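First comes the structure, then the notes that go with it.
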Amino acid sequence: MRGIGNVLASLGLAALVGGMLFFGAVTAPLVFTHLPLNIAGPFIRAVFPFYYGYMIIASLVGLIGYWLNREVMPALALLLILLVTVWLWLWFIPHLDALRVAGNTAGFNAGHRESVWINGVQMIVALAVLIHTAIRK
Numbered sequence: 463m464r465g466i467g468n469v470l471a472s473l474g475l476a477a478l479v480g481g482m483l484f485f486g487a488v489t490a491p492l493v494f495t496h497l498p499l500n501i502a503g504p505f506i507r508a509v510f511p512f513y514y515g516y517m518i519i520a521s522l523v524g525l526i527g528y529w530l531n532r533e534v535m536p537a538l539a540l541l542l543i544l545l546v547t548v549w550l551w552l553w554f555i556p557h558l559d560a561l562r563v564a565g566n567t568a569g570f571n572a573g574h575r576e577s578v579w580i581n582g583v584q585m586i587v588a589l590a591v592l593i594h595t596a597i598r599k
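Quick note: the sequence shown uses our numbering, first residue 463, plus one each step.
Below is the structure:
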């Protein structure tokens, strides 16, 4: 079981960290620097369900791997990332969209900053698990 756990933990964590870094460092900046704002905004909003779905699946795969290896702390860290991502996807992003549609620019901007911070914390947690795993191996 340990071999399967190692494979799942490694694949899930690598996919999670890689996907988060690629989205934040490549996708979003390219979209907002190469597309007009009236196209970039709707395009990124259309990407978010796929991004969050990807994060949920990657977190779940890694979580299962760590759980099979009975590594509780990394599993709990990935569970936290997974649960926060579900919350962002199902409640927070629709809430931000409602603020935007209502013309509440100040509320939208504050919520956007909060979502960036949340994503940053998720990335730090995922990187901490990755570094911890790499040091242990």
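Don't be surprised by glycine CBs; every beta carbon is placed ideally from N, CA and C.
Source: prediction; values computed, not measured.
Given this structure, state the Cα-to-Cα distance separating A537 from G481, to the nearest angstrom.
Between A537 and G481, the C-alpha separation is close to 19 Å.
Are the beta-carbon atoms belonging to G527 and L470 less than 8 Å from one another?
Result yes, Cβ atoms of G527 and L470 sit closer than 8 Å.
Measure the beta-carbon distance from L550 to I580 and round it to whole angstroms, keeping in mind my assumption that it falls under 8 Å.
Yes, L550 and I580 are in contact; Cβ-Cβ is about 7 Å, under 8 Å.
In the DSSP assignment, find the unbroken alpha helix (DSSP H) run with A596 in it and report its ends.
Unbroken alpha helix (DSSP H) run through A596: 567 to 598.
For N531 and F512, I'd like the C-alpha separation in whole angstroms.
Their backbone Cα atoms lie some 29 Å apart in a straight line.
Just to confirm before moving on: does the CB-CB distance between M601 and L478 stay below 8 Å?
The structure shown has nothing for residue 601, since the chain only spans 463 to 599.
Looking at L475: is its Cβ nearer than 8 Å to the Cβ of A588?
Yes, the pair counts as a contact, with Cβ atoms nearer than the cut-off.
Can you list, in chain order, the residues of its chain with a C-beta nearer than 6 Å to that of S521? Leave out the 5 residues immediately preceding and following it.
Result list for S521: L478, L540, I543, L544, in chain order.
Tell me which same chain residues have a C-beta within less than 6 Å of the C-beta of T547, skipping the five on either side of it?
Here the set comprises Y514, M517, I518.
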